[in-house]
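Position 157 of the sequence shown, counted from 1, bears residue number 332 in the numbering used here, the numbering being contiguous throughout.
This report concerns only the one structure given below.
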Amino acid sequence: MTQKKKDSALHETPGVSLSNSVSAKSAERIKNLRKKKIKPQDLVKQITQGNKTDLSRSITLIESQQVKHQESVNAIIEGCLPFANQSLRIGITGVPGVGKSTFIEAFGNYLISLGKKVAVLAVDPSSSVSHGSILGDKTRMEELVKQENAFIRPTPSGDSLGGVAQKTRESIILCEAAGFDTILIETVGVGQSETMVHSMTDFFLLLKLAGAGDELQGIKRGIMEMADAIVINKADGENKKPAEQAKSEFRKALHLYPETESGWKQKVKLASAL
Numbered sequence: 176m177t178q179k180k181k182d183s184a185l186h187e188t189p190g191v192s193l194s195n196s197v198s199a200k201s202a203e204r205i206k207n208l209r210k211k212k213i214k215p216q217d218l219v220k221q222i223t224q225g226n227k228t229d230l231s232r233s234i235t236l237i238e239s240q241q242v243k244h245q246e247s248v249n250a251i252i253e254g255c256l257p258f259a260n261q262s263l264r265i266g267i268t269g270v271p272g273v274g275k276s277t278f279i280e281a282f283g284n285y286l287i288s289l290g291k292k293v294a295v296l297a298v299d300p301s302s303s304v305s306h307g308s309i310l311g312d313k314t315r316m317e318e319l320v321k322q323e324n325a326f327i328r329p330t331p332s333g334d335s336l337g338g339v340a341q342k343t344r345e346s347i348i349l350c351e352a353a354g355f356d357t358i359l360i361e362t363v364g365v366g367q368s369e370t371m372v373h374s375m376t377d378f379f380l381l382l383k384l385a386g387a388g389d390e391l392q393g394i395k396r397g398i399m400e401m402a403d404a405i406v407i408n409k410a411d412g413e414n415k416k417p418a419e420q421a422k423s424e425f426r427k428a429l430h431l432y433p434e435t436e437s438g439w440k441q442k443v444k445l446a447s448a449l
């Protein structure tokens, strides 16, 4: 007597056969092309013509810790130096969760609408255990990344403690050579250690949140007195009134600081990316 086979909850479907559209010869040619060493002078030429792919490739070389890349790196930087200091460099800092990436996307899209070419160097924190980094800032700038006149480069902070990556200065030079006239540098967002970005930018912007419990923390000396402007972010909806109150408190606090050498008076503004 034969037993009736039970029906399974799992169903198999036949697989899809592999496409033969890419021949072995073509695959080998693509593989060899990727392995082909590009001369530094060719990379510099492509960068100055605005090639974003070669700009990214060159920044990757600059960030490399391998000794064999250093000769090429030096040649690339030397070739791009004549184009340096031709942009407006804006550093943007603030604690994690303050909305730096969202603010930068809205600000970057606005600048592009004015005819600017915008490069964003977003520095993500690296794990002290695995030394890895998620590099998720680019994914939060969904609209800006689609813009022809925008370039977004996420970079791990590594062991750097100044809020920026070790090779941020060199990356700025390359972006300037590529024709970007406004460079936004988003820092790690770890608090008062983020002072290095101040020395490499023309304008230093500090983002704050109202009602986050850090109003008095922010008033103490450190990043506050270095910031050229303070923006109370997410000033919308129920947060609008607390944001206006925080704005008033920060304005009063700034009067206690000595005047800057340049005579610039720090501004306090409200912002919302909605």
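Each residue gets a CB set at the ideal place from its N, CA and C atoms; glycine is no exception.
Just so you know, these numbers come straight off a predicted model, no measurement behind them.
Assignment of beta-bridge partners to Lys383 by DSSP yields Ile407. Around Gln221, the same chain offers Asp229 as residues with beta carbons nearer than 7 Å, after the five sequence neighbours per side are excluded. Only exposed fits Asp217, as fewer than 16 other CB atoms lie within 10 angstroms of its CB. In the DSSP assignment, Thr370 is bridged to no other residue. Distance from the CA atom of His430 to the CA atom of Ala385, rounded to whole angstroms, is 19 Å. Proximity to Lys409 across Leu236, Gln240, Lys275 peaks at Lys275, based on C-alpha coordinates.
Between the stretch 274-294 and the stretch 352-363 there are three or more C-beta pairs closer than 8 Å, enough to call the two in contact. In this structure the stretch 413-420 does not touch the stretch 371-379; the number of beta carbon pairs closer than 8 Å is below three. For a cut-off of 8 Å, the C-beta gap from Met375 to Thr343 is around 7 Å, short enough to register as a contact. Residue range 325-331 is occupied by the beta strand (DSSP E) that includes Ala325.
Going by DSSP, Glu361 is part of no alpha helix (DSSP H) but of the beta strand (DSSP E) stretching over 357-361.
Membership of Thr343 in the alpha helix (DSSP H) is indicated by the continuous run 343-352. Residue pairing for Gly266: DSSP places it in a beta bridge opposite Ile360, Phe379.
Ranked by how close their Cα comes to the Cα of Gly412, the residues Thr435, Ser447, Gly397, Val273 have Ser447 in first place.
The three-state reading of DSSP puts Ala297 in strand, counting E and B together. Among the bridge pairs identified by DSSP, Leu445 is matched with Ile407. Annotation: the continuous alpha helix (DSSP H) that includes Phe282 extends over 275-288. Burial check for Arg426: the Cβ neighbour count within 10 Å stays below 16, so the residue is exposed. The continuous alpha helix (DSSP H) containing Gln221 extends over residues 215-223.
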